[in-house]
Amino acid sequence: MSALVLDGKAVAQQTEAELRERVDALKARSDGKTPILATILVGDDPASATYVRMKGNACKRVGMESLAVELPSSTTTEQLLAKIDELNNNPDVHGILLQHPVPEQIDERACFDAIALEKDVDGVTCLGFGRMAMGEPAYGCATPQGIMRLLEHYQIEIEGKHAVVVGRSPILGKPMAMMLLQKNATVTICHSRTRDLPGLVAQADILVGAVGRPEFIKAEWVKPGAVVVDAGYHPGGVGDIELAPLVNKASAYTPVPGGVGPMTINTLIMQSVESGEKSLG
Ligand code: NAP
6 MSALVLDGKA
16 VAQQTEAELR
26 ERVDALKARS
36 DGKTPILATI
46 LVGDDPASAT
56 YVRMKGNACK
66 RVGMESLAVE
76 LPSSTTTEQL
86 LAKIDELNNN
96 PDVHGILLQH
106 PVPEQIDERA
116 CFDAIALEKD
126 VDGVTCLGFG
136 RMAMGEPAYG
146 CATPQGIMRL
156 LEHYQIEIEG
166 KHAVVVGRSP
176 ILGKPMAMML
186 LQKNATVTIC
196 HSRTRDLPGL
206 VAQADILVGA
216 VGRPEFIKAE
226 WVKPGAVVVD
236 AGYHPGGVGD
246 IELAPLVNKA
256 SAYTPVPGGV
266 GPMTINTLIM
276 QSVESGEKSL
286 G
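One point on numbering: in the numbering used here, the residue at position 1 of the sequence shown is 6, and numbering is uninterrupted.
This is how it looks when you write it as structure tokens:
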């Protein structure tokens, strides 16, 4: 039997139509004001520039504005903190996205944590992570939150399932594991020092690949009937999981591309609209 395709592109498009209506309604009741997402790009990494452009385009598609801040690769931590402070204090800005990664001389964690909680629509602050982990209101980190929304859309059962997350980065693996735990999965987190990764992957009812290495997780490790979520994207259109043989082995899977990626941007935009609604009324 062929697996259910968890079509992030389709879900994102459907949500964008709903967001457009929400932005229109907000404009109508706030003298034409729209939510504004400030994007900060530091340096000239072409992939980061592309991601920021895609996020700006997504804002346009739902009728909201974005404010593109571009800083040179020589930017210091202090200069970036000053820019974030300025955006925190700008009442017209409802969300702040600091594109990861920043040049290595910058203390990225300090800069993420300088973002005001109510404008942390990409879910990158320690405070937001802690609140999410405790079940308190906070914007979820965009990629794992997008994955949770996709699982919810397709009514994938999470409670009581064994979820195995491969990767423990602050913006993906760690928040992913906490979100699955919040939904009552039994969660195993794997990383570079994990022993017997194939044996642990084989236990997964829900598998999330967030390793950053092309097709690192092999299809033969995966249990028949597992739900497979691949957060990776690499040149040649492959992810972190060897997906092709899983099409007839998994019960559901996210395609690459068109699975997790569109949901990440969509979640950022959705949370920006929410922030705009809170602020503009
Ligand atoms: P990252 O910061 O490089 O983290 C990679 C994680 O994989 C680390 O926790 C690392 O463990 C673990 N790892 C590395 N080698 C391993 C091994 N041999 N066995 C088990 N675990 C291993 O990457 P990331 O930012 O989380 O991104 C992960 C993937 O998601 C990438 O492919 C990236 O392109 C993709 N991504 C996609 C989106 C999207 O919007 N679609 C957004 C962000 C990221 P240690 O902690 O022990 O080093």
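Virtual Cβ for every residue (Gly too), placed ideally from N, Cα, C.
Sub-9 Å separation of residue i and residue j beta-carbons
i	j	result
Leu202	Val171	yes
Thr44	Val74	yes
Ala209	Ala231	yes
Glu220	Leu31	no
Ile246	Val227	yes
Asp49	Ser78	yes
Gly5	His196	Outside the shown range of the chain (6 to 286) lies residue 5, about which nothing can therefore be said.
Lys137	Pro180	According to the sequence shown, residue 137 is Met rather than Lys. Contact flag set, yes.
Leu273	Leu42	yes
Pro108	Thr130	no
Leu46	Ser35	no
Residue(s) in a DSSP beta bridge with residue i
i	result
Glu75	Leu46
Ile152	Note: Ile152 sits in no beta bridge, so no partner.
Glu162	The partner list for Glu162 (beta bridge, DSSP) is empty, contrary to what the question assumes.
Nearest-angstrom Cα separation, counted from residue j out to residue i
i	j	result
Arg66	Arg198	42 Å
Pro40	Glu157	26 Å
Gly61	Met268	15 Å
Lys124	Glu225	43 Å
Asn253	Met6	6 Å
Arg58	Pro262	18 Å
Val206	Ile222	8 Å
Ser256	Val10	9 Å
Met275	Thr20	8 Å
Leu103	Ala63	16 Å
Ala215	Pro229	20 Å
Pro51	Leu285	34 Å
Ala15	Gly241	22 Å
Presumed contact (8 Å Cβ cut-off) between residue i and residue j, rounded CB distance
i	j	result
Ala190	Val213	Incorrect: roughly 10 Å between the Cβ atoms, too far for contact.
Gly135	Met184	The Cβ separation is near 13 Å, so there is no contact.
Ser280	Val28	Not really, about 12 Å apart at Cβ, beyond 8 Å.
Candidates the options: closest to residue i by CA position
i	options	result
Gln150	Gly13, Met6, Ser7 and Ala8	Gly13
Glu4	Ala121, Ser53, Leu92 and Gly68	Within the shown structure, residues of the chain are numbered from 6 to 286, placing residue 4 beyond reach of any answer.
Thr259	Pro142, Gln187, Tyr238 and Leu185	Tyr238
Lys88	Asp97, Ile120 and Leu24	Ile120
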